[in-house]
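J.: Yeah, the sequence shown ends on 327 if you go by the numbering used here, and it's all consecutive.
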Amino acid sequence: MTTSHAQILDGKALAARMRQDIGREAALLTQTHGRKPGLAVILVGADPASQVYVAAKQKGCDSAGIASFSTELASDTSQQHLLGLISELNQNPKVDGILVQLPLPDHIDSETIIEAIDPGKDVDGFHPYNLGRLAARQPLLRSCTPYGCMKLIAETGIDLHGKECVIVGASNIVGRPMGLELLLAGATITITHKFTRNLQAHVERADIVVAAAGKQGLIQGEWIKPGAIVIDVGIHRLDNGTLTGDVDFDAASQRASWITPVPGGVGPMTITMLLANTIQAFKTHVGETDMGNTEVGNTDV
Ligand code: GUN
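Spelled out as structure tokens, the structure:
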């Protein structure tokens, strides 16, 4: 039997609290402006995991009082047709946010699609404009998973200034924007990737580890510095049906001060931040805020 020393960073509980606030704000905004905030979700093809995510996004909208418009397209939909739909949604005044579920079929170029979305409606925060705003310390719509990880880290009460943060994985949707978020908050960042030599040596000196490599059990518990904070973005289904992450949870929780479980850690936060971004985009569209996100990190770095 293992005894856990780390405190659990409970994403499910934090997401539930935040969704209540988002629901209240959506109701007030609907009353003031005579329409609900609206999110359009596009799914191309019938990937089972994507169908589950899209259903969860719609359910999240429903319970927060956000209108959701969903379009399911056949897997052989042309890129041109998809671009046409995005163009219509860009013009539609009832739509504040547009989300195209990834991955897309191979014959469609994801970068072209992401760039076609109006940056003011890019509630995934994937458009190069929004990534650029974050890089330039002026974030507007922030990528949902890294933004959710920042909310979880804030729950620990840690001051990020000067902390050694090691992000494992350099994807456009998690690793890179996660690095930019932590940099904005005053941390010293290392982003590791498939060409990194001696991953263990990087992880061993980290005050905060964000595991987003998409490789089950890549991060061994013995690598974790005593007292470190461990954020596990990975999610993998084992043959016996249980879900697990990129980190060896049992061994890591012997050493960490705080750790996110899988499931129930980062996962519930991603959709929560999508709903928060939709509210933010709505406020910008109705003229309640011109700069969108006033809740920036520390900009003195
Ligand atoms: N596929 C996996 N994660 C995501 C996400 O956060 N947004 C979109 N659009 N697609 C995804």
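Ideal Cβ placement from N, Cα and C applies to all residues, glycine included.
Whose CA, out of L130, S283, I234 and A278, lies closest to the CA of I68?
T.: Measuring from the Cα of I68, the nearest candidate turns out to be L130.
J.: Please report the distance separating the alpha-carbon of H219 from that of F308.
T.: Taking the straight line joining both Cα atoms gives about 36 Å.
J.: Check the DSSP bridge columns for L69 and list the partner residues they point to.
T.: E98.
J.: Does the beta-carbon of T110 have 16 or more other beta-carbons within 10 angstroms, so that it is buried, or is it exposed?
T.: Per the sequence shown, the amino acid found at residue 110 is Gly instead of Thr. Its Cβ having fewer than 16 others within 10 Å, G110 is exposed.
J.: Entirely within the stretch 98-134 and at least 4 residues each: give me those alpha helix (DSSP H) ranges in chain order.
T.: Taking only runs of at least 4 residues, the alpha helix (DSSP H) segments lying wholly in the stretch 98-134 are 105-117.
J.: Counting Cβ pairs, one atom from each stretch, are 3 or more of them under 8 Å apart for the stretch 240-248 and the stretch 269-280?
T.: yes
J.: Taking all protein chains shown into account, do 16 or more other C-beta atoms lie within 10 angstroms of the C-beta of L264, making it buried, or fewer, making it exposed?
T.: exposed
J.: Can you tell me whether D185 is buried or exposed? The criterion is at least 16 other CB atoms within 10 Å of its CB, across all chains shown.
T.: exposed
J.: Indicate the three-state DSSP secondary structure (helix, strand or coil) for G64 in the structure shown.
T.: Per DSSP, reduced to three states, the secondary structure at G64 is strand.
J.: Could you pull out every residue in the same chain whose Cβ sits closer than 8 Å to the Cβ of M27, ignoring the five residues on either side in sequence?
T.: Legend: pLDDT at M27 = 49, less than 50; position of this residue unreliable, value from coordinates given subsequently. No residues qualify anywhere along the chain.
J.: Below 7 Å, is the gap between the Cβ of C170 and the nearest heavy atom of the ligand GUN?
T.: The answer is yes for C170.
J.: Taking the alpha carbon of E190 as the reference point, which residue from A211, A42 and A232 has its own alpha carbon closest?
T.: A232
J.: Of the residues A82, L55, N198 and I124, which one's Cα is nearest the Cα of G313?
T.: L55
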